[in-house]
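Novice: Under my numbering, residues 12 to 285 are what the sequence shown spells out, in order.
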Amino acid sequence: MALMQYVEGGVAIILVLVALPMQIRIIYLFLSRSKYRSLPCYQIMIQISIVECLCAPGVFLFGLMQLLNFDFLGLASILEKAIPSTIRMHTIMSLVLAMDRLKVICKLRYPNQINMFVMTSTWIIGVVHYGLLFSPWYCYKVSPGVLMPFYDYSKPWTSLIQSINATVSLTVSGITLVLYMVIFTVLLRMKFMTTTLDSSKERSVFVYALCRFLADAAMTVFFTYVTLPKSEVVTTVTFTCYTFNNILMGPVLYLAFYPLKSLSVVDPPCLCKT
């Protein structure tokens with residue numbers, strides 16, 4: 012086996028072992044405290060964390076497959092298919108989080124049921140997309156020694172669905188960007204960025220959501236439009252960045268804005284309240 016196959020396998024496993032306990036801890040803290048789970052923004056953030064956790068088994072087994080040089084019981088092939096589905100879900104959920112921030116910060120009035128409908132639809136889309144990957148028309152594969160999962164374009168629907176996925180992802184990301192630009196403009200007009208310490212706490216959710224969106228958008232544009240050189244080192248670095256963004260970026264940002272100890276004692280930012 013090539014050295015980079017070992018490196019990538021080890022990196023994938025390490026990322027999961029670091030990210031998953033952090034994700035589970037964060038989800039537990041948000042769910043176990045009514046002051047968090049009762050607020051729409053945290054309900055969305057909890058679901059985003061759950062979606063990120065769904066990536067972890069596939070990444071772990073992909074890494075194990077590279078280290079062992081075979082796919083034990085075909086488990087990596089089965090669970091790795093969840094990754095493209097959860098990425099689509101994450102993109103739409105990020106839009107819903109931006110909608111929630113816009114509603115609260117700009118004091119808009121529309122039913123919470125709209126966000127709930129979009130979130131429910133997102134889960135349905137994710138499940139349907141995952142199911143399609145097991146069909147004879149659309150396929151996402153992994154293989155020992157191949158350092159990146161890949162789509163099978165010999166299947167009749169793969170090219171079409173991928174084109175639709177890219178269009179939807181970029182459109183949703185564009186709408187999300189516009190919403191954050193509106194929010195940022197409103198905050199500047201309110202002189203929100205230069206107010207008190209309480210205001211600093213209040214904008215934590217906004218800054219978290221914006222950072223998460225920018226990372227996701229950068230990955231989407233990069234993998235859609237950038238042609239990478241065919242190099243094992245480049246592929247391994249790309250896989251590492253992609254995986255870090257999918258499963259570890261969220262916990263890192265949470266810890267940057269919400270140290271785990273403080274989550275159990277501080278009140279949620281009041282701007283989450285509707």
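Heads up, the beta-carbon is just placed ideally off N, CA and C, and yes, glycines get one too. Just so it is clear, the structure is predicted and the values come from calculations on it, not from any experiment.
Can you tell me the Cα-Cα spacing of L199 and A109, whole angstroms?
Specialist: The straight-line gap from Cα to Cα measures roughly 17 angstroms.
Novice: Can you give the beta carbon distance from G69 to L90, rounded, assuming they're within the 8 angstroms contact cut?
Specialist: Indeed they touch by this definition, with Cβ atoms about 4 angstroms apart.
Novice: Report all residues from its chain with a CB closer than 8 angstroms to the CB of G21; omit the five preceding and five following residues, and keep chain order.
Specialist: G74, L78, listed in sequence order.
Novice: From this set, K166, P262, L158, which residue's C-alpha is nearest K241's C-alpha?
Specialist: Considering only alpha carbons, the answer is L158.
Novice: What residues in its chain sit with their C-beta under 8 angstroms from that of F255, if we drop five residues either side in the sequence?
Specialist: Contacts found: L26.
Novice: Express the C-alpha separation of L221 and I194 in angstroms, rounding to a whole number.
Specialist: Near 10 angstroms, if we compare the C-alpha coordinates of L221 and I194.
Novice: Looking at the structure shown, is K114 part of a helix, part of a strand, or coil, going by DSSP?
Specialist: Of the three classes helix, strand and coil, the one that applies to K114 here is helix, per DSSP.
Novice: Taking the alpha carbon of K152 as the reference point, which residue from V263, R48, I94 has its own alpha carbon closest?
Specialist: With distances taken between Cα atoms, K152 lies closest to I94.
Novice: Whole angstroms are fine: how far does the CA of I258 sit from the CA of T207?
Specialist: The predicted model places T207 with a pLDDT of 46, which falls under 50 and marks its position as unreliable; any figure quoted below should be read in that light. Going by the C-alpha atoms only, they are around 33 angstroms apart.
Novice: Could you give the C-beta distance for M38 and I57, rounded to a whole number, given that I count them as a contact under 8 angstroms?
Specialist: Reading the sequence as shown, one finds Ile at residue 38 and not Met. About 6 angstroms; that satisfies the 8 angstroms criterion.
Novice: With DSSP as the reference, label F255 as helix, strand or coil.
Specialist: Residue state, collapsed to three classes: helix.
Novice: Return yes when at least one heavy atom of the ligand MN lies under 7 angstroms from the C-beta of L65, else no.
Specialist: Ligands in the displayed structure: none, and consequently the ligand MN is not present.
Novice: What residue ranges within the stretch 127-208 form continuous alpha helix (DSSP H) runs of no fewer than 4 residues, ordered along the chain?
Specialist: List check, alpha helix (DSSP H) in window: 169-200.
Novice: Are the beta-carbon atoms belonging to V107 and V139 less than 8 angstroms from one another?
Specialist: No, the Cβ-Cβ distance between V107 and V139 is not below 8 angstroms.
Novice: Using 8 angstroms as the threshold, is the C-beta distance between T102 and V62 below it?
Specialist: No; because the gap between Cβ atoms is not below 8 angstroms, this pair is not in contact.
Novice: Distance, Cα to Cα, V115 vs S105?
Specialist: So the alpha carbons of these two residues sit roughly 15 angstroms apart.
Novice: What are the boundary residues of the alpha helix (DSSP H) that includes E91?
Specialist: That residue, E91, is in no alpha helix (DSSP H); it is neither H nor E in DSSP.
Novice: Pairs of beta-carbons, one from the stretch 224-244 and one from the stretch 28-42, closer than 8 angstroms: are there three or more?
Specialist: With a cut-off of 8 angstroms, the stretch 28-42 and the stretch 224-244 do not count as touching, because too few Cβ pairs lie within range.
Novice: Need the endpoints of the alpha helix (DSSP H) that V237 sits in, please.
Specialist: Neither: V237 is in no alpha helix (DSSP H) and is coded neither H nor E.
Novice: Can you tell which of A67, A228, P122, G156 has its C-alpha closest to the C-alpha of L181?
Specialist: Answer by Cα proximity: A228.
Novice: Buried or exposed, going by whether 16 or more other CB atoms sit within 10 Å of the CB of N80?
Specialist: Result: exposed.
Novice: Measure the Cβ-Cβ separation of M260 and R223 and say whether it is below 8 angstroms.
Specialist: The answer is yes: Cβ separation under 8 angstroms.
Novice: Give the range of the alpha helix (DSSP H) segment to which F73 is assigned.
Specialist: Residues 51-79.
Novice: Assign G156 to one of two classes, buried (16 or more other C-beta atoms within 10 Å of its C-beta) or exposed (fewer than that).
Specialist: It counts as exposed.
Novice: Tell me whether R120 sits in a helix, a strand or coil according to DSSP, three-state version.
Specialist: The answer is coil: DSSP assigns R120 none of H, G, I, E or B.
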